[in-house]
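Asks: Numbering (my numbering), first residue to last: 133 to 493.
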Amino acid sequence: MKTFSCHCGNTLHFENSRCLVCDRAVGFLPDEKKMSALEPAAEGSWKALINNRLYRQCSNYSEYAICNWMVPVEEHDTLCASCRLNHIIPNLSESQNLTLWYRIEVAKRRLLYTLYSLNLPVSGRAEDPATGMAFEFLQDDTFLDEFSNELTSQHNVFTGHKAGMITINVVEADPSAREEIREKMKERYRTLLGHFRHESGHYYWERLIAGTENLDSFRYFFGDERVDYQAAMKSYYDQGPPPHWQDSWVSAYASAHPWEDWAETWAHYLHIVDTLETAHDFGFRIQGHEVSEPKVAGQLTSAYHMPASFDELIDDWSRLSVALNALNRSMGTGDAYPFVLAGNSLNKLRYMHQIVTAAGK
């Protein structure tokens with residue numbers, strides 16, 4: 133994730149809706165993939181100061197303040213490119229859900245920023261009614277959250293993916309409830325952004341692998357996805373991952389089924405790409421090595437330095453993740469990246485890099 137500059141020269145971050153120095157409104161321009169300072173213009177529109185074009189605020193920006201993306205005035209949509217992918221939003225009659233929805237949207241927009249940056253295809257239901265990418269944010273009947281003392285009575289909404297529809301349980305936006313789930317599931321890492329990245333992996337398996345010439349190579353690296361999914365998942369939850377799973381999978385959950393292996397590997401690839409981009413933007417050097425910007429060939433610009441190979445990207449990540457974990461420990465918090473990449477998991481990430489690079493050209 134990059135940082136951006138306001139018209140006044142102040143640094144803007146992806147979540148900002150106002151510059152803290154000049155007090156201008158700011159917004160993200162999906163067509164430019166940049167944040168811009170804004171000035172009021174005619175008929176409720178805003179002039180973006182980075183290109184002098186006119187935009188409207190997404191209606192979820194102007195009405196609910198849960199979005200900061202803009203819509204070009206020539207487009208008829210009231211929602212931005214991110215919010216128009218929503219199929220179901222949380223029930224806003226419940227007061228805590230506006231805060232939870234905001235957190236969900238922040239994570240979703242970060243996912244989309246990375247997908248756009250990698251030049252990956254993102255088609256909504258308007259373009260592809262049957263399998264286009266869409267989101268529904270649902271909640272259980274009751275759950276323990278930071279706003280009340282109400283206890284979870286049942287879990288009837290499952291975060292998952294089906295035919296392009298990504299479902300996120302709203303409880304995942306509550307840090308205390310999510311941490312409780314993480315501990316019960318014996319996971320080392322569980323975040324909203326991680327959920328979005330994992331579930332998007334299932335979407336892109338259908339876009340980039342299923343029914344394509346890539347299916348045989350996928351099966352070579354990940355296994356045969358025709359293995360009974362329900363039986364495989366039952367076996368995983370009953371017996372746990374196989375011994376020495378770290379030699380072959382990026383996470384224990386990845387060992388459950390080839391589809392989950394792909395989705396977990398996809399999520400880790402996006403973790404790596406986005407974090408390395410952030411480190412590069414801030415000018416990080418680890419042990420004398422500059423962190424390169426990890427973009428696919430389709431995104432080259434005159435100021436761009438691309439890692440010479442996947443090996444260089446992983447070398448950058450190995451150094452950076454060790455440093456991040458050490459910094460977190462210095463602050464008394466858990467590791468930022470509590471995983472070890474080795475053996476077949478590295479081969480799968482290399483394959484993922486090839487698939488994403490080819491799709492982004």
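Cβ atoms here follow ideal geometry from the backbone N, Cα and C, with glycine treated the same way.
Helix, strand or coil: which one does DSSP assign to Leu181?
Replies: Along the sequence shown, read from residue 1 onward, the residue named residue 181 stands at position 49. Three-state DSSP puts Leu181 in coil, outside helix and strand.
Asks: Count the other CB atoms within 10 Å of the CB of Pro162; is the residue buried (16 or more) or exposed (fewer)?
Replies: Along the sequence shown, one-based indexing puts residue 162 at 30. It is buried - the Cβ of Pro162 has at least 16 other Cβ atoms within 10 Å.
Asks: State the Cα-Cα distance for the pair Val303 and Glu312, rounded to the nearest angstrom.
Replies: The sequence position of residue 303 within the sequence shown is 171, counting from 1. The sequence position of residue 312 within the sequence shown is 180, counting from 1. C-alpha separation (whole angstroms): 11 Å.
Asks: What residues in its chain sit with their C-beta under 6 Å from that of Tyr361, if we drop five residues either side in the sequence?
Replies: Here residue 361 refers to the residue found at position 229 of the sequence shown. For Tyr361, where only same-chain residues beyond five positions count, the Cβ hits under 6 Å are His389.
Asks: Suppose contacts are defined by Cβ-Cβ distances below 8 Å. Is Trp337 in contact with Trp394 by that definition?
Replies: Working through the sequence shown from its first residue, we reach residue 337 at position 205. Working through the sequence shown from its first residue, we reach residue 394 at position 262. Result yes, Cβ atoms of Trp337 and Trp394 sit closer than 8 Å.
Asks: Apply the 10 Å Cβ neighbour rule to Asn223 and answer buried if 16 or more other Cβ atoms are within range, or exposed otherwise.
Replies: Within the sequence shown, the letter at position 91 stands for residue 223. Asn223 should be labelled exposed.
Asks: According to DSSP, simplified to helix, strand and coil, what is Ile487?
Replies: For the purposes of this step, residue 487 is identified with residue 355 of the sequence shown, where counting begins at 1. If DSSP states are grouped into helix, strand and coil, Ile487 belongs with the helices.
Asks: Would DSSP call Met365 helix, strand or coil?
Replies: Start at 1 with the first residue of the sequence shown, and residue 365 comes out as number 233. Met365: helix per DSSP, three-state reduction.
Asks: State the Cα-Cα distance for the pair Ala429 and Ala490, rounded to the nearest angstrom.
Replies: Numbered from its first residue, the sequence shown carries residue 429 at position 297. Numbered from its first residue, the sequence shown carries residue 490 at position 358. Per-residue confidence for Ala429 stands at a pLDDT of 42, beneath the threshold of 50, marking its modelled position as unreliable; the derived number appears in the next sentence. If you take the alpha carbons of Ala429 and Ala490, they lie about 9 Å apart.
Asks: Among Ile220, Thr407, Asp447 and Asn148, whose alpha-carbon lies nearest the alpha-carbon of Arg482?
Replies: Looking up residue 482 in the sequence shown gives position 350. Of the candidates Ile220, Thr407, Asp447 and Asn148, the one whose C-alpha sits nearest the C-alpha of Arg482 is Asp447.
Asks: Within the chosen definition, does the segment 324 to 334 reach the segment 399 to 415 through at least 3 CB pairs nearer than 8 Å?
Replies: yes
Asks: Taking the DSSP output, what are the residues bridged to His293?
Replies: Stepping through the sequence shown from its first residue, residue 293 is reached at position 161. His293 pairs with Ile298.
Asks: So, for Asn460: in the same chain, excluding its five sequence neighbours on each side, which residues have a beta-carbon less than 8 Å away from its beta-carbon?
Replies: The sequence position of residue 460 within the sequence shown is 328, counting from 1. These residues qualify, in order along the chain: Gly466, Asp467 and Ala468.
Asks: Could you compute how far the alpha carbon of Asn142 sits from the alpha carbon of Phe160?
Replies: Counted from its first residue, the sequence shown places residue 142 at position 10. Counted from its first residue, the sequence shown places residue 160 at position 28. Distance between the alpha carbons of Asn142 and Phe160 is about 15 Å.
Asks: Expressed to the nearest angstrom, what Euclidean distance is found between the alpha-carbon atoms of Ser249 and His485?
Replies: The residue labelled residue 249 in the question sits at position 117 within the sequence shown. The residue labelled residue 485 in the question sits at position 353 within the sequence shown. When rounded, the distance between both Cα atoms is 14 Å.
Asks: My output table needs one value for Trp449: the three-state DSSP class, helix, strand or coil.
Replies: What you label residue 449 is simply residue 317 of the sequence shown in a count that begins at 1. Correct three-state label for Trp449: helix.
Asks: Exposed or buried, which one is Met463 when buried takes at least 16 other CB atoms within 10 Å?
Replies: If you number the sequence shown from 1, residue 463 lands on position 331. Label assigned to Met463: exposed.
Asks: If you draw a straight line from the C-alpha of Phe290 to the C-alpha of Phe267, how long is it?
Replies: Counting from 1 along the sequence shown, the entry for residue 290 is found at position 158. Counting from 1 along the sequence shown, the entry for residue 267 is found at position 135. About 13 Å.
Asks: Residue range of the beta strand (DSSP E) that Leu161 falls in?
Replies: For this step, residue 161 is matched to residue 29 along the sequence shown. Counting along the chain, the beta strand (DSSP E) containing Leu161 begins and ends at Val158 to Leu161.
Asks: DSSP on Ile418, reduced to helix/strand/coil?
Replies: Position 286 of the sequence shown, counted from the start, is the residue given in the question as residue 418. It is a strand residue.
Asks: Considering only C-alpha positions, which residue in the set Trp178, Gln228 and Ser225 is nearest to Pro204?
Replies: Position 72 of the sequence shown, counted from the start, is the residue given in the question as residue 204. For the residues Trp178, Gln228 and Ser225, the minimum Cα distance to Pro204 belongs to Trp178.
Asks: Whose C-beta lies closer than 7 Å to the C-beta of Ser255 among residues of the same chain, with five residues either side of it excluded?
Replies: Your numbering for residue 255 matches position 123 in the sequence shown. The residues are Gly264 and Met265.
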